[in-house]
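Chemist: In the UniProt record's numbering, the protein residues as written are 1 to 176.
Glycine included, every Cβ here is placed at the ideal spot set by N, Cα and C.
On a predicted model such as this, the values are computed, not experimentally measured, just so you know.
Handing you this structure, nothing more for now.
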Amino acid sequence: MAAASPSTDPPYYVLIAHSQSLNNPSVPASTSLSHPVIEYHYADDPANSLLPQYPGEHVLVLDFDPARPASPTVKSLSADLVVSAVKVADAPGAAVAGEPALRNNSMYVIETMTKPVDNPTVAVEDDEQNVHAVLARFKQRNVALRRILDYPHGNGVAGPDAPATSASPPAAASQP
C-alpha cells in the first residue's frame, strides 16, 4: 500500500499550550506546553467513553474530518477548561534533512485556558484600587472570551503560514 502524501495527511504531532492566571490580572499570563495522552475514537464508538473518568482529568476531542483537513475542531469535555484556538505549526527537528517526508511533520498546537473562578471572599480594598482591579479583570476576561468565541468560526485555525507558537521540538513518539 502506497503512503499518502504528507501534505494531505493531518499533522503528526499534537501539543497543548495552556494559558494560566485568568483570575489574577496583576500576574502576567504564562503558558505551559505539554504533550497530551492520545486516544483514538471513531464515530461508532460509545460517546460516554470520552467523558472524564476521574476528578481533575481534562479531555479534549480533536475532530479531524478527512474531507475538510484544513479545519479540524477541538472541544473540551472538561468543566473547567476551554479551547481558545488550534494552530498548525512546523515541528522543529521533526524532519530529517535529505530524507523524503513519510508523514506530515507539522504539529497541532491546541491553545487552552482555565475558566475564571470568581472569588467572593476577596477582602474589600481601597475603592480606587478595587475599581482598577475590577476594570483590569473585565478587560482580561473580555480578551479571553473574544478568543474563545472566535475560535471555531474566526481565526482560531491557523494554517502553516501563520505565526507559530515557539516550542521545543516534540519528543519522538510512535503514534498509529
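1. Roughly how many angstroms separate the alpha carbons of LEU51 and THR73, rounded to a whole number?
2. Within the continuous beta strand (DSSP E) that includes LEU51, where are the two ends?
3. Unbroken beta strand (DSSP E) runs of length 3 or more, entirely within the segment 49-81: which are they?
4. Could you please give the first and the last residue of the uninterrupted beta strand (DSSP E) stretch that includes TYR12?
5. Label LEU102 either buried or exposed according to how many other C-beta atoms from any shown protein chain fall within 10 Å of its C-beta, with 16 as the threshold for buried.
6. Does DSSP classify ASN155 as helix, strand or coil?
7. The ligand FMN and ALA89: does any heavy atom of the ligand fall closer than 7 angstroms to the residue's C-beta?
8. Less than 8 angstroms separating the beta-carbons of SER34 and LEU60?
9. Could you give the distance in angstroms between the alpha-carbon of SER144 and the alpha-carbon of HIS18?
Modeler: A quick look at the data gives this:
1. 17 angstroms
2. Counting along the chain, LEU51 falls outside any beta strand (DSSP E), and DSSP gives it neither H nor E.
3. 60-63 and 73-76
4. First-last for TYR12: undefined, no H or E at that position.
5. exposed
6. Residue confidence for ASN155 is low, a pLDDT of 46 falling below 50, so the modelled location carries little weight and cannot support an answer.
7. As presented, the structure is devoid of all ligands, the ligand FMN included, so that no description of it is given.
8. no
9. Going by the sequence as given, residue 144 is Ala instead of Ser. Whole-angstrom Cα-Cα distance: 13 angstroms.
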